[in-house]
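Here is the structure we will look at.
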Amino acid sequence: MLAPMKDQENPSLVTIGLLTYNNEDTLVRALESLVHQDYTAKELVIIDDVSTDRTYDICQSYAQQYGFIRLFRNEKNVGCFQNLEHLLQKVKGDFFLWACPDDVYDLDFLSACVGAMHKDVIMATSAVKVLYDDDRVITCSYHELTKSNSFWRMAKMIVKTQDSNGERVYYNSILHTLMRTEFLDKIYNVHQLFCCEELWVINALIWGRVAYVDHVLVKKYESTVSYEIRNPHYHKAVSNPFARLFHAMAYLFVFLCKSMPLQKKWRYVQAFYLVIAYRLPHLALLAIKGRLLHLDALLFSSWGHKMYQKMGWSRHAKKNV
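Each residue of the sequence shown is one higher than the last, beginning at -10 in this note's numbering.
Structure representation (structure tokens):
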């Protein structure tokens, strides 16, 4: 059951999580937009992944100024996904926002999204403006995705929704928005997922409704330098469609081994193949022929769940707050 909203005299606590690594060029403007949010019941948890520039010094300066900041630093570089797992273990609030050190949030972002968190809503987002360093501007709106309460209509809109340039909408943005803490383990999967961010959105849709604030409240700053050049490990991981499919199937394995009603698992599998068929159409025939369904049968079994636990893919570790 979804936790009810608290009254105005005792507002729900929001935990803002920020993962940093060599972000000195963009960090100050991101922190300014977070610490000055007009929603007062907030805490900011920062985990630095052993930055080699001035990032940690900047974080220390802000932590000394604002008592609601909790600052941590890893002993060694662990990478984004393991750092995210560390972050999720430190969440104390009723709601959680995974913020980006490159993004700027309007000062009423939290209050607007918390206000949209009705009983059946597990995630609230707004329109996002993406600004490139070559002066290109793209606006991503999620109105089409959220205007229906039907799971299948929303799932279909995941692959149909377009941005202001008529291209596939930027789904990485919707992951960095306000969510109910009790659903973090169901929505965020710390397995290293490449190329199919839509699957995280499906994680949310099978558990509840996504609310949408029809205003641009987030600005993302992107570089025109090829992402593959800046992140060669990503390019290697998705350099061919079979590699992309492998990562998607591994993600499916991790997700379906979680404890949840069988009906929701089956719904997820169907939506998963809908997204894969859209993103990787030349491999969709494999799914249609059922060659991939053998894995699904395995995942639903008790053996699959035991393997999931044996491989240490659970986030239910003792919290270190």
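Just so you know, even glycine gets a beta-carbon here, dropped at the ideal spot from N, CA and C.
Asked, Found
"For Ser50, three-class secondary structure by DSSP", "helix"
"Leu7 - containing beta strand (DSSP E), residue span", "3 to 9"
"Segments of 3+ residues assigned as beta strand (DSSP E) that fall wholly inside the stretch 20 to 92", "31 to 37, 58 to 62, 84 to 88"
"Inter-residue CB distance, Val39 and Arg18 (contact presumed, cutoff 8 Å)", "The Cβ separation is near 23 Å, so there is no contact."
"Whole-Å CB distance - Val117 paired with Glu211, under 8 Å assumed", "Between Glu211 and Val117 the Cβ distance is about 11 Å, and since that is not below 8 Å, they are no contact."
"Nearest to Pro0 (by Cα), restricted to the options Lys254, Gly82, Glu74", "Gly82"
"Backbone CA spacing between Asp97 and Glu32 [nearest angstrom]", "16 Å"
"Cutoff 8 Å: Asp46 Cβ touching any chain B Cβ", "The structure shown contains no chain B; it holds only a single protein chain."
"Terminal residues of the alpha helix (DSSP H) in which Ser100 lies", "98 to 104"
"Contact the stretch 163 to 175 vs the stretch 97 to 112: 3+ CB pairs below 8 Å", "yes"
"Environment of Tyr240 [buried if 16+ CB atoms lie within 10 Å]", "buried"
"CB contact flag (Leu7, Ile47, <8 Å)", "no"
"Top-ranked residue by Cα proximity to Trp196, from Cys246, Thr166, Arg256", "Arg256"
"Environment of Gln26 [buried if 16+ CB atoms lie within 10 Å]", "buried"
"Straight-line gap, Gln252 to Leu188 (C-alpha atoms, nearest Å)", "17 Å"
"Beta-carbon gap between Leu60 and Gln49 smaller than 8 Å", "yes"
"N- and C-terminal bounds of the beta strand (DSSP E) containing Ile111", "110 to 121"
"C-beta atoms of Val80 and Thr9 nearer than 8 Å", "no"
"Inter-residue CB distance, Arg43 and Glu13 (contact presumed, cutoff 8 Å)", "4 Å"
"Cβ-Cβ distance between Thr170 and Phe57 below 8 Å", "no"
"N-terminal and C-terminal residue of the alpha helix (DSSP H) that Lys175 is part of", "173 to 176"
"Distance, Val243 Cα to Ala105 Cα", "30 Å"
"According to DSSP, residues forming a beta bridge with Ile127", "Val119"
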